[in-house]
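Engineer:
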Amino acid sequence: MKLTHWLAGMACTVAFAGAVQADPLKNAVADEHRTEAYAERDQYRHPAETLAFFQVQPDMTVVEIWPGGGWYTEILSPLLKAEGTLYAAHFPKDSEVGYFKRSRENFEKWLKEEKDTYGGIKLTEFAPGSDSEIAPEGSADAVLTFRNVHNWMRGEKEQAAFETFYKALKPGGVLGVVEHRAKPGTSREDMMKSGYMTQAYVIELAKNAGFELEETSEVNANPKDTADHPKGVWTLPPSLALGEEDREKYKAIGESDRMTLRFRKPKS
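Each residue of the sequence shown is one higher than the last, beginning at 1394 in the working numbering.
This is how it looks when you write it as structure tokens:
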């Protein structure tokens, strides 16, 4: 009887281990090298569910647009390290924008210091409207952008950005977009000011570039967010642009309400 119980327990253990091993996405999210403060934001950003919705697989060639400090890079890199390829299309190295320059330098420093963990990442650059190559033309299985589209509106470069993504993707490739979501009918001026964009406008940009909208998801929705704050989306965490003013109120709301959209480059 004891032997039977032992064998049954061993079978359960093997089955459990196999299940863990078979879910590389969850393993990447749980990777021991992730920054603790980044992992704390999983409750708002739902990385496993988001990347699953974007159909990212370990053997893909993926381009991450403007990775910033590497929040998603810390997940994508271990996911793709063995079989795939990750391009990090960061800010231009010769940018005259102070924030862009500092962010790029910090990212490069991080890659150098953590080369044993993240050494396989291919660092490129992205400047919408320029001839910068985020990846070889037609090479990517997926291009992913997280909370970036509103930044390209100031220079009226948002359409050019989507055209660059289209060029980098293979026929049949996926464009995954997460963006702060404005109320329908919000004006362009208010979108630029607030950092929130209407879902209809983002879809229009993608379709104008040649993409087909395949599916939308509410995985990153936040019904607590009214999208109407004194300093726009930056009022909310993690920026908390008002400092101590109503800090607990905005922390209770959490991060912004976000659209999550999957587009497809037609196969023909």
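Note that CB positions come from ideal geometry on N, CA and C, so glycine has one too.
Classify residue 1486 as buried or exposed, calling it buried when 16 or more other Cβ atoms lie within 10 Å of its own Cβ.
Structural biologist: Flag for residue 1486 reads exposed.
Engineer: State the Cα-Cα distance for the pair residue 1469 and residue 1570, rounded to the nearest angstrom.
Structural biologist: Each residue's Cα considered, the two are about 15 Å apart.
Engineer: Pick helix, strand or coil for residue 1638, following the three-state DSSP scheme.
Structural biologist: Here residue 1638 sits in coil by DSSP.
Engineer: Alpha carbon to alpha carbon, what distance is there between residue 1415 and residue 1394?
Structural biologist: Reliability fails at residue 1394, whose pLDDT of 43 lies under 50, so the model's placement of it is uncertain and no value is given.
Engineer: Can you give the beta carbon distance from residue 1547 to residue 1585, rounded, assuming they're within the 8 Å contact cut?
Structural biologist: The pair is a contact, with the Cβ atoms about 6 Å apart (cut-off 8 Å).
Engineer: Would you check if the region 1527-1543 and the region 1505-1513 touch, i.e. whether three or more CB-CB distances between them fall below 8 Å?
Structural biologist: Result no; under three Cβ-Cβ pairs closer than 8 Å.
Engineer: Kindly list the residues whose CB is nearer than 7 Å to the CB of residue 1441, restricted to its own chain and excluding five residues on each side of it in sequence; keep chain order.
Structural biologist: The residues are 1418, 1419 and 1422.
Engineer: Are the Cβ atoms of residue 1459 and residue 1519 separated by less than 8 Å?
Structural biologist: Yes, the Cβ-Cβ distance between residue 1459 and residue 1519 is below 8 Å.
Engineer: I'd like the list of long-range same chain contacts for residue 1611, defined as Cβ closer than 8 Å, with 5 residues on each side in sequence excluded.
Structural biologist: Within the same chain, residue 1611 has close Cβ partners 1653.
Engineer: Starting from the N-terminal side, write out each stretch of the alpha helix (DSSP H) that is 4 residues or longer and does not extend beyond the region 1482-1542.
Structural biologist: Runs found: 1491-1506 and 1508-1511.
Engineer: Would you please state the rounded distance, in angstroms, between the beta carbons of residue 1559 and residue 1493? I believe it to be under 8 Å.
Structural biologist: At roughly 24 Å, the Cβ-Cβ gap does not stay under 8 Å, so residue 1559 and residue 1493 are not in contact.
Engineer: Quick one: what does DSSP say residue 1589 is sitting in, helix, strand or coil?
Structural biologist: Three-state result, residue 1589: coil.
Engineer: Whole angstroms is fine: what's the gap from residue 1457's alpha carbon to residue 1482's?
Structural biologist: Using only the alpha carbons, I get a separation of about 6 Å.
Engineer: Buried or exposed for residue 1498, please, with buried defined as at least 16 other CB atoms from any protein chain shown within 10 angstroms of its CB.
Structural biologist: Exposed: under 16 other Cβ atoms inside 10 Å.
Engineer: Would the beta-carbon of residue 1593 fall within 8 Å of that of residue 1566?
Structural biologist: Going by C-beta atoms, residue 1593 is not nearer than 8 Å to residue 1566.
Engineer: Evaluate residue 1658 with the Cβ neighbour count: other Cβ atoms within 10 Å of its Cβ, from every protein chain shown; 16 or more gives buried, anything less gives exposed.
Structural biologist: The residue is buried, with at least 16 neighbouring Cβ atoms inside 10 Å.
Engineer: Residue 1600 by DSSP, collapsed to three states: which one?
Structural biologist: Note: residue 1600 maps to helix in three-state DSSP.
Engineer: Whose C-beta lies closer than 7 Å to the C-beta of residue 1624 among residues of the same chain, with five residues either side of it excluded?
Structural biologist: These residues qualify, in order along the chain: 1634 and 1635.
Engineer: Measuring CB to CB, does residue 1446 end up less than 8 Å from residue 1574?
Structural biologist: Taking 8 Å as the Cβ cut-off, residue 1446 and residue 1574 do not qualify as a contacting pair.
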